[in-house]
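Working notes for the structure below.
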Amino acid sequence: MYIKKVIIQGFRSYRDQISPEEFSSRHNIIVGRNGSGKSNFFCAIQFVLSDEFSHLSNTERQNLLHEGTGPRVISAYVEIIFDNTDNRIPIEKPEVSLRRIIGNKKDQYFLDKKMVTKADVVNLFESAGFSRSNPYYIVKQGKITQLATSPDSQRLKLLREVAGTRVYDERKEESKLILKESEGRMEKIQEFLNQIEERLRNLESETKELKEYQRWDRDRRALEYTIHDRELKETTKKLEELQRKRETSSGSATKVRAMAKECADEVERLDKLLREKKIAEQRAMDEREQLAADNADVVKRQQQLQLTVSDLRAQLTGDTSQRSRAQEELRQVRKSCEDAELKLQQLRPQYEEARRKEEGAANQLSDAEHRRKELYAKQGRGNQFQSKQQRDDWIKQQMRGLNKAVRDKESTIAKLQEEIDNDAKRVTELEATIASCEKELVELKGDLDHGGEDVRLLRRRKEELHAERQAVYREELGLQQQLNSLREELSRCDQSLRARTGKGILSGIDSVRQVIEDMRAEFGDDNEVVKNYHGTLIELFDVDDTFYTCVEVTAGTRLFYHVVGHDRHVIQILKQIDKKKLPGDINFFPMNRIEVHDIEYPKSQDAVSMMSKIEFKPQFRNVLEHVFGKTLICASLEVATGCCASAEIRLHPARRRSVSRKGTLTVDILTPASLKTARSKYEMNYDRRKTLLNRAREELRNVKEASRTKNGSWAR
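In the numbering used here, the protein residues as written are 105 to 820.
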């Protein structure tokens with residue numbers, strides 16, 4: 105046996121793994137410069153083979169790790185591979201590897217890559233001839249010089265150690281210690297024997313007393329047996345009497361339980377009725393407040409309408425009086441016009457005569473004036489004009505002035521004639537305007553009458569719409585209160601169901617539903633997984649409340665298993681749950697994996713199959729038969745036991761008790777006291793209440809939409 109190879113990593117100056125060439129079986133020499141790691145190489149061999157590094161402190165262990173630049177080394181190992189062709193090491197292998205790994209807090213040995221203890225390594229080397237008492241199979245540097253220069257006594261001691269005699273000296277000393285300890289133990293044993301002899305003498309004296317005690321003890325036990333036998337007979341008689349009383353009182357107990365159940369049902373009915381009455385009371389109070397507000401609005405509108413009517417009446421009275429005044433003025437104007445026409449007709453001949461006289465007098469005056477002027481002109485013409493030419497010029501100037509005066513008179517006459525024509529036209533227009541105003545006044549009076557009728561119709565329609573809006577509001581208020589009640593009941597059922605079922609199952613249901621909703625939002629309702637996910641088992645069937653307990657006992661937590669069409673859909677859902685790291689306990693019923701067989705039920709009037717009491721869609725028959733197919737509902741425990749003798753079916757007699765062919769297995773028996781508060785998980789199915797809640801929300805939305813429509817009609 106010899107060292108064939110050494111592998112070092114992280115030890116002292118060796119950071120990276122180093123593995124020199126294989127060693128020779130004869131002699132090997134390691135040479136190198138100072139600081140190249142020769143001493144650390146031999147120290148690594150000693151680290152594995154010698155006892156010098158057996159007990160290392162944290163500081164010493166840290167010093168053995170490599171320290172240098174770069175990342176810090178946290179562990180180091182040295183592995184030595186031995187050539188074991190001579191089988192000196194008792195392992196049937198040609199090569200044996202021994203590795204030691206150290207770290208800040210670990211120190212481990214591995215023999216052929218298997219962890220071993222330090223004691224196993226020591227025993228292995230001792231079996232190979234390397235004894236801890238003779239550690240000179242490794243000769244350190246300077247040891248030869250020390251031996252050569254040491255005195256004879258030390259060399260003799262060294263030779264004894266090399267020869268192995270120190271082992272016998274140590275064993276001799278150990279034997280002396282053992283002999284000394286044995287002598288001490290012998291003395292103690294002798295003292296113990298003396299104590300035992302003394303104890304035996306005491307026991308011999310106590311034996312007589314014991315025999316006397318045993319004799320009296322037999323008499324005592326005989327008397328006690330007689331007393332106990334008499335008490336047993338009396339107790340048996342009382343027990344039989346109590347049994348008879350119990351049998352006679354079983355019927356009354358059944359009646360009492362029935363009465364207790366009826367009382368519990370009555371209490372629940374009264375609680376429900378009380379809640380409904382409270383809701384009705386709240387609804388009535390809200391309706392009263394609304395009616396009070398409506399009454400105030402009606403009074404306010406009535407007052408406004410009264411003011412409007414009074415204003416309209418005043419306006420109508422003013423219009424009538426104004427119209428009367430206008431007609432009176434028109435009559436007066438027409439009368440004045442007629443009087444003026446009559447006077448005009450009377451004065452017209454006088455006017456014509458006076459005008460003719462005026463024209464004659466004017467002509468005479470003009471002629472006289474002309475003659476006077478001519479006379480003056482003739483008289484002073486000789487003085488006025490010096491020549492004929494001056495006279496002609498003056499005459500021409502006078503003629504121009506006269507022509508201008510004539511033209512001015514003609515223009516004035518034309519303007520006056522035009523004004524006369526305009527006045528005539530204006531009179532005609534005013535007469536036409538008066539006629540049109542009279543016609544418009546008649547039309548406005550008719551429109552006013554029709555407008556009053558329309559106002560009455562609109563007011564009547566407004567009142568009808570207001571009544572409809574109040575009815576819709578009351579309906580909306582009732583639905584809102586029903587919605588709040590359903591929310592409270594849903595919250596109570598959810599809390600109770602979580603307390604009884606477990607948070608994991610319900611969290612799993614929420615996680616699966618979240619995945620389905622996300623897939624529906626991303627891929628639509630036509631997605632294969634969305635179409636083939638049918639919900640939990642408890643959502644897929646209906647059963648009468650009488651059989652809630654039987655359903656719960658039969659299915660257990662399988663009520664909350666998720667039903668899917670194929671097992672590949674299960675894989676896709678689970679992938680999404682793992683991807684999103686959703687919580688909960690999740691189980692599935694893949695419909696393609698479920699197989700059921702036909703079952704022949706026992707023919708008994710007191711036993712019916714549970715499948716006959718369940719309502720479901722035909723597509724889920726296999727799943728429900730897988731869960732409930734082998735279950736019968738029996739009227740009593742005796743009927744269930746009789747049916748079990750002929751069928752391999754589980755049966756549920758009265759409250760939550762299962763029976764099989766192996767005997768009776770009590771799952772959970774409900775006492776009369778617990779019947780008042782115990783509720784089935786099926787009864788607390790919050791999905792049904794969520795359906796009612798969603799239905800109430802939909803009705804509330806429809807009512808609100810109708811209310812908005814009514815408000816819009818009223819506003820128009």
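Every residue gets a Cβ at the ideal spot worked out from N, C-alpha and C, and that includes glycine.
Who are residue i's beta bridge partners in DSSP?
i: E557; result: BP columns for E557 are empty, so no partner.
i: K218; result: L215
i: T640; result: H666
i: F186; result: I107, V200
i: P694; result: V668
Can you look up residue i in the DSSP assignment and give me helix, strand or coil?
i: Q723; result: helix
i: I193; result: coil
i: D333; result: helix
i: A739; result: coil
i: A518; result: helix
i: P453; result: helix
i: S708; result: coil
i: I122; result: strand
i: S762; result: Annotation note: pLDDT 43 at S762 (below 50); position unreliable, coordinate value reported separately. Looking at S762 - three-state DSSP - the assignment turns out to be strand.
i: V647; result: strand
i: S128; result: coil
i: A232; result: coil
i: I827; result: Any question about residue 827 goes unanswered here, given that the chain covers just 105 to 820.
i: S470; result: helix
i: S117; result: coil
i: I538; result: helix
i: S179; result: strand
i: I718; result: strand
i: N588; result: helix
i: T770; result: Residue placement at T770 is flagged as unreliable, the pLDDT there being 31, under the threshold of 50; the coordinate-derived value follows with that caveat. Note: T770 maps to coil in three-state DSSP.
i: I499; result: helix
i: V413; result: helix
i: E285; result: helix
i: I383; result: helix
i: F157; result: coil
i: G505; result: helix
i: Q490; result: coil
i: N526; result: helix
Looking only at its own chain, which residues have a Cβ that is under 6 Å from the Cβ of residue i, when we skip the five neighbours before and after it?
i: S778; result: Interpretation of S778 is limited by its pLDDT of 32, a score under 50 that renders its predicted location unreliable; the figure taken from the coordinates is listed afterwards. Cβ neighbours of S778 beyond the five flanking positions: none.
i: G876; result: The chain is shown from 105 up to 820; residue 876 falls before or after that span and cannot be answered.
i: R578; result: E391
Can you name the start and end residues of the beta strand (DSSP E) that residue i belongs to?
i: Q150; result: Careful: Q150 lies outside any beta strand (DSSP E), inside the alpha helix (DSSP H) at 142–153.
i: K108; result: 106–113
i: I206; result: 199–207
i: A711; result: 711–713
Which word fits residue i, buried or exposed, when buried means at least 16 other C-beta atoms lie within 10 angstroms of its C-beta?
i: S615; result: buried
i: V437; result: exposed
i: T640; result: buried
i: M363; result: exposed
i: K108; result: buried
i: N227; result: exposed
i: L583; result: buried
i: M695; result: buried
i: R119; result: buried
i: V731; result: buried
i: G233; result: exposed
i: G114; result: buried
i: H666; result: buried
i: I499; result: exposed
i: F693; result: buried
Only counting the same chain, and skipping five residues up and downstream in sequence, which positions put a Cβ closer than 7 Å to that of residue i?
i: I703; result: G733, K734
i: Q618; result: L686
i: S231; result: P194
i: G767; result: At G767, the pLDDT of 38 sits below 50, so the modelled position is not reliable; the number obtained from the coordinates is stated separately. Here the set comprises nothing.
Which residues mark the beginning and the end of the alpha helix (DSSP H) in which residue i is found?
i: D702; result: No alpha helix (DSSP H) contains D702, which DSSP labels as neither H nor E.
i: D689; result: Segment: none, D689 is in no alpha helix (DSSP H) and carries neither H nor E.
i: L610; result: 607–627
i: N162; result: 162–168
i: I248; result: 247–253
i: E171; result: From DSSP, E171 is part of no alpha helix (DSSP H); its letter is neither H nor E.
i: V243; result: Premise fails: V243 is in no alpha helix (DSSP H) and is neither H nor E.
i: T661; result: No alpha helix (DSSP H) contains T661, which DSSP labels as neither H nor E.
Spatial neighbours of residue i within its chain, please: C-beta separation below 8 Å, excluding the five flanking residues on both sides.
i: V647; result: V655, K717, I718, E719, Y786
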